[in-house]
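Next up, the structure:
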């Protein structure tokens, strides 16, 4: 299970352009829209269409050689490369993303005709496409995580595209929060997997099932996948994402973001799959999600919401099939992924057409549109056939493979089989509702006079419906070209295809299909009764969405309380906490490592503080420092204290000068002059040149903290000065400052060359503080 299916390595750096090109197009999209206007979609669609054609040409090499790899050096010192890996699984996903993405870009033009921010929308959409393409092609796990997070960010921008509506903003934030929980989980999983496997490439991972950290890795990966692919209990964000424009919904639900979790589980099946934990968790959560989404879809009347709930159900079905993990189950997963992408994208685009044509998406308010929208009806029939799983469609082949995988006599397989039958029946009922209710029956008046959509609106759904039929009719080609390479990549070994349109009446599978269709028909005919019953059952106002709101509200209130507690605006308390932390940070490690008695014995106190010959000018410097200290302690106002502090700094600079460090002494002099001048100006301006009126309790408290900091620093310096001096670093600077940095002043070389960015940051901080101080000094009236 842990061996990745390979035939031979092939390097092709142009694969990297597949992930990069949509981002480049996204940058140019606003400018393109400004120049070509309504033709912008046709121009920008060239990018995904070119990617699709490029990937089509790689089908043969991938089938022949197993995979195609590309690698660009990223951080060589840490053995990090921006690596891409194209095998049957990633190729199937990439073709689906780029192919459907092309149609979505073309569809978005007439759908958003006249919108003021159409160029911005194209930019977000293409970036979204690039993030998903990068995710499925990335071999480096850190790159995969980066693209994973980019899908969350770009989906946030798309879901909240109509940012003037509060519902759109809330839905965007909710999707970002929930999926980013999984993103953090994925980052931790990537780091743990790298430590276990010793490399960053997924294609080089071995089996991790026997590792002691397998449960942790499994939990982290499943959390990431479940949040992204909307598995219960993380499913609630997906229906709310319907606040996005319909082109976004069509793309997001069929081939992009929500399929990222499914892809992650499929990609990591060789490394993590096959264990009892993997099978149990994926089948349970997948089955619950399948039924939850199916029943929730029956409860809806908004057609976009109905489709959104069926997407949740379909994602649960895909996760369930991955959890089963057999060759037949994985084959069903691959076929169903393609079938679902085709009919779901088509249905969403058709709902957009109906909404544009009639002014409503309420299925109970529609009827008799077949004569008014004949092309839309034809596309809906094609999409419905695939969703129901009738013969001659890819949906039928997928359903047959599911039932074949579960045709077992053990109780677990029977439970899963009943779950899948009920789930498929629910999806079939929704498909019948979407095809029959809006188009057949008596015509109902709508807010707008119904009219057929333009070519750009209906061409995509028609083409996707035809592809759903063509893929099934070309069963042999689809099996050998799509199914076998993708399933082999998931399973970790070569497999074969046994897809056929001819039912095998020697087994139960054909009869199970008939049972599914009959169940779907019954559920459709009773959909009104079921909907009313489901809505009556919602007596409690608490649901997953309400729990999320409560948690977010609690988080915001907690953050406000913590802010009020720690950001109270009293500067002296801020400084008190800083210096207490400073003292603890220094003294705690010393006491933990040496203990109190050991610490006293570690330093050679006689050597440090013993009587020695002190020259008169050294006594003078010491006296100057003591004088500055006494003046500081007993100063009658803050201005004098600042000046006394300058005396302390001057004494320190003189010590540097006496012990052979004139450059440090010069720096110290400059700092002291600047500090004293600035502080004196500010204090004078703020009218603080009066006696410190704080109570003696505060002064005593501050004095104790100051003594603790002084003792901690003294102990640290004592241990350092009497310990063994490691000269590796100083030897390195001495040996390299001239030949590498071309400077003989080692301190300057360290500041300017070895720590150049650090020094630049310090200068920037000083500059920012200076600008702030200048702003304060120039104000006419400052409240003390």
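Residue numbers (our numbering): -5 to 778.
We put the CB at the ideal spot given by N, CA and C, even for glycine.
Keep in mind that this is a model prediction, so the values were computed, not measured.
Cα atoms of residue 732 and residue 747: separation of roughly 11 Å, rounded to the nearest angstrom. Of the candidates 663, 640, 565, 541, the residue whose Cα lies closest to the Cα of residue 230 is 541.
Per DSSP, the unbroken alpha helix (DSSP H) holding residue 397 starts and ends at 388 to 399. Here the stretch 156 to 169 lies against the stretch 230 to 241, with 3 or more beta-carbon pairs under 8 Å apart.
Taking all protein chains in view, the Cβ of residue 586 is surrounded by fewer than 16 other Cβ atoms within 10 Å, so the residue is classified as exposed. The beta carbon of residue 635 sits closer than 7 Å to the beta carbons of 626, 629 from its chain, once the five residues preceding and following it are set aside; these are given in chain order. At the C-beta level, residue 98 and residue 244 come within 8 Å of one another. In this model, residue 299 and residue 182 are separated by some 34 Å (Cα to Cα). Distance from the CA of residue 618 to the CA of residue 662, rounded to the nearest whole angstrom, comes to 16 Å. With a minimum length of 4 residues, the unbroken runs of alpha helix (DSSP H) contained wholly in the stretch 690 to 777 fall at 690 to 716, 722 to 730, 740 to 743, 750 to 772. One Cα belongs to residue 35, the other to residue 452, and the distance between them is close to 15 Å. Separation of the CB atoms of residue 175 and residue 126 is rounded to 19 Å, and the pair is thereby denied contact status at 8 Å.
Secondary structure of residue 194 (DSSP, three-state): coil. Contact between the stretch 328 to 337 and the stretch 269 to 278 is absent: fewer than three C-beta pairs spanning the two stretches fall below 8 Å. With respect to the 8 Å criterion, residue 214 and residue 265 are not classified as neighbours on the basis of their beta carbons. Contact check for residue 438 against residue 359 passes: the beta carbons are separated by less than 8 Å. Here residue 78 is bridged, per DSSP, to 64, 132.
A residue is called buried once 16 or more other Cβ atoms fall within 10 Å of its Cβ, and residue 403, having fewer, is exposed.
A distance below 8 Å separates the beta carbons of residue 302 and residue 247. Linking residue 409 to residue 538 through their CA atoms gives a straight-line distance of about 26 Å. Within the DSSP secondary-structure output, residue 69 pairs in a beta bridge with 74. Three or more beta-carbon pairs separated by less than 8 Å link the stretch 384 to 400 to the stretch 314 to 330, which places the two stretches in contact.
Note on geometry: alpha-carbon atoms of residue 720 and residue 701 lie some 30 Å from one another.
Pairing residue 472 with residue 482, the inter-Cα distance amounts to about 14 Å. Around residue 345, the same chain offers 240, 297, 298, 301, 355 as residues with beta carbons nearer than 7 Å, after the five sequence neighbours per side are excluded. Here the stretch 99 to 116 does not lie against the stretch 201 to 220, with fewer than 3 beta-carbon pairs under 8 Å apart. By the criterion of a C-beta distance shorter than 7 Å, residue 707 is surrounded in its chain by 580, once the five residues flanking it on both sides are discounted. Burial is judged here by how many other beta carbons sit within 10 angstroms of a residue's own beta carbon; residue 261 has at least 16 and is buried. Comparing alpha carbon positions, the residue from 342, 673, 415 closest to residue 504 is 415.
Residue 479 holds the alpha-carbon nearest to the alpha-carbon of residue 62 among 479, 755, 740, 343. Using a Cβ distance threshold of 8 Å, residue 259 and residue 316 count as a contacting pair. Considered as a whole, the stretch 263 to 341 harbours 263 to 266, 270 to 293, 297 to 318 as its complete alpha helix (DSSP H) runs of no fewer than 4 residues, in chain order. Residue 356 is bridged by DSSP to 296. Taking all protein chains in view, the Cβ of residue 565 is surrounded by fewer than 16 other Cβ atoms within 10 Å, so the residue is classified as exposed. Residues 444 of the same chain have their beta carbon placed closer than 6 Å to that of residue 366, with the five preceding and five following residues left out of the count.
For residue 207, there is no enclosing alpha helix (DSSP H), as DSSP gives it neither H nor E.
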